[in-house]
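With the working numbering applied, the sequence shown corresponds to residues 281 to 738, in that order.
Built from N, CA and C at the ideal position, the CB exists for glycine as well.
Quantities reported herein were computed from a predicted structural model and do not represent experimental measurements.
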Amino acid sequence: MYAMASLWFESALLPQGWARDVRLTAADGLIERVLPGVAPADGDERHGIGLPGLANLHSHAFQRGLAGLTERRGSDGDSFWTWRELMYRFLGRIGPEELEALAALAFAEMLEAGFTGVGEFHYLHHDRDGRPVADPGELAARLGAAAAATGIGLTLLPTFYAHGGFGGAPPGERQRRFINDPGRFARIVEASRSALRALPGAGGGVAAHSLRAVTPSELAEVVALAPGGVIHIHIAEQLREVDDCLAWSGRRPVQWMLENAPVDERWCLVHATHATAAELEQVAARDAVVGLCPVTESNLGDGIFPAAGFVSAGGRLGLGTDSNVRIDAAEELRTLEYSQRLAHRARNVLAAAPEASTGRSLFEAALAGGWQALRPPGSGPVGLVAGAPLDAVTLLRDHPSLTGRHGDETLDSWIFAGDRGLIDCVWCAGVRVVSGGRHRNREAIVARYARTLRSLLA
Ligand code: NGQ
Ligand code: ZN
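In structure tokens form, the structure reads like this:
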């Protein structure tokens, strides 16, 4: 489909900084020209404040249906691991149809929240009874259908999962829907890629669930399935995982990865919560992205990622909504900064330099790192610049939270003092999918979600 767009912004955040009176033209989803300091032309759509769309580098879309249902304390204490049991129980009832309905709502909400791309860390490969579905690409195709219905850019990360703990421990009963050997997983990856081939903007990649779920030789086989593509893995999220990894290998999880896996700019280490300063210095030197999910990490009681040290070592970070307990780009950025303020008893910890705006620093870091984690190296530019996909978000200039704000104050006020009501329109690959803060298919998506979820919870 050939589509033209010509947009005009009162102000916009370009790679070189804030600019006023910005005219942007795009064809076929790609930005052709960006001209600051010009009057709007006839036929231009006029908007307030233009920002580039952010990448949501880590999501398990189906978990959106569980949001708010795990906030009751168990009889024997509560932890990440008891949450995981509840999550497994919920997931046990989800079939292909349900996966599509839950994912469509999550993806629509991501767009409404300012994310224009998502990395779906997809490990639900088999049917409810644990047996393979007839078509190994079926569940991937359902996620693709949800992405197509919403217009979000999807990087599907088919996820290899084979074991229930370090050293090839057998999986638990509730994990059987995730389990493959490398051969069957390769067929799922292949079928998933064909299922998504027609989807515009779908990036390719692969994931290993965690060091708990793969053996070293399986990890090498997974990596070989993504030549040139991105590779994601959950790592060092919980202290128990660090202890188990030490007991198994004498190495901490991130240290093990650095010594045994070809970690480089194609890699996204998700969480890395319990990484040491020395480990993070090396992660930074390898140009890998650390995928932070501050809202989920808070919700699950994971711990505080040492972001201040990582950023000053030149580390690259991006954001994920992970469990989708909340879906909000500004909230992820705010929670990340607040975690550092609480840990360091200081303010504006992640501002990039003296006098720098924290909101701007965080936004630009997450923009670059987030897209690095979702697109293979060499994919071309990101942001409001010629040659990049037209992925953009506008904020309402007239919203009271933005009264009298200019430039970086706009980002600071959105992130620290605003809410989703500030977001007006969102474009993804040149198509306007959100207007007035609402996704264009919201009603149908919500109706289907509600029907599906009621029966899942019944
Ligand atoms: C997941 N989520 O894959 O959904 C995991 C839980 C696990 C987070 N780690 C399962 N936040 O890690 O074993
Ligand atoms: Zn995850």
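**Request:** Starting from the N-terminal side, write out each stretch of the beta strand (DSSP E) that is 3 residues or longer and does not extend beyond the segment 698 to 727.
**Result:** 703 to 708 and 711 to 715
**Message:** Which of the three DSSP states is assigned to C548 in this structure?
**Reply:** strand
**Request:** Taking E612 as the reference, give the member of N579, A552, L434 and G595 with the closest Cα.
**Result:** N579
**Item:** Top-ranked residue by Cα proximity to A724, from L385, G354, L349 and W298
**Value:** L385
**Prompt:** Among V522, F643, G710 and R718, which has the Cα closest to the Cα of N336?
**Reply:** F643
**Message:** For ligand 2, is there any heavy atom lying closer than 7 Å to the beta carbon of H340?
**Reply:** yes
**Asked** What is the C-beta distance between R344 and N604, in whole angstroms, given that I count them as a contact (C-beta under 8 Å)?
**Response** 4 Å
**Message:** For G632 and S641, which I take to be in contact (beta-carbon distance under 8 Å), what is that distance rounded to the nearest angstrom?
**Reply:** Note that residue 632 is Ala in the sequence shown here, rather than Gly. Confirmed, Cβ separation roughly 4 Å.
**Request:** Report the residue from D301, G333, H340 and F342 whose alpha carbon sits nearest the alpha carbon of R326.
**Result:** D301
**Prompt:** Count the other CB atoms within 10 Å of the CB of D704; is the residue buried (16 or more) or exposed (fewer)?
**Reply:** buried
**Message:** Within the continuous beta strand (DSSP E) that includes N336, where are the two ends?
**Reply:** L334 to S339
**Asked** Per the contact definition of three or more C-beta pairs closer than 8 Å, is the segment 589 to 597 in contact with the segment 559 to 579?
**Response** yes
**Best match in V662, F370, A321 and D322 for proximity to A738 [C-alpha to C-alpha]** = F370
**Prompt:** Is Y618 near ligand 1, in the sense that its beta carbon is under 7 Å from a heavy atom of that ligand?
**Reply:** no
**Prompt:** What's the call for M284, buried or exposed, on a 16-neighbour Cβ count within 10 Å?
**Reply:** exposed
**Asked** In its own chain, which residues sit with a C-beta less than 6 Å from the C-beta of M281, not counting the 5 before and 5 after it?
**Response** With a pLDDT of 48 at M281, under the threshold of 50, the modelled position of this residue cannot be trusted; read the value that follows with caution. Here the set comprises nothing.
**Request:** Return the CA-CA distance between L306 and R655, expressed in angstroms with no decimal places.
**Result:** Sequence check: residue 306 is Ala here, not Leu. Going by the C-alpha atoms only, they are around 20 Å apart.
**Request:** Let me know the secondary structure DSSP gives M281 once reduced to three states.
**Result:** Reliability of the predicted coordinates at M281 is poor, the pLDDT of 48 falling under 50, and the value obtained from them is presented with this limitation in mind. In the structure shown, M281 sits in coil (DSSP, three-state: anything other than H, G, I, E or B).
**Item:** Contact set for H406: own chain, Cβ-Cβ below 6 Å, skip 5 residues either direction
**Value:** P412 and R457
**Message:** Please report the distance separating the alpha-carbon of G485 from that of P542.
**Reply:** 15 Å
**Message:** For H402, list the residues DSSP reports as bridge partners.
**Reply:** P438
**Message:** Quick check: I468 and P507, are their CB atoms within less than 8 Å of each other?
**Reply:** no
**Prompt:** When you compare only the Cα positions, how much space is there between R352 and F360?
**Reply:** 13 Å
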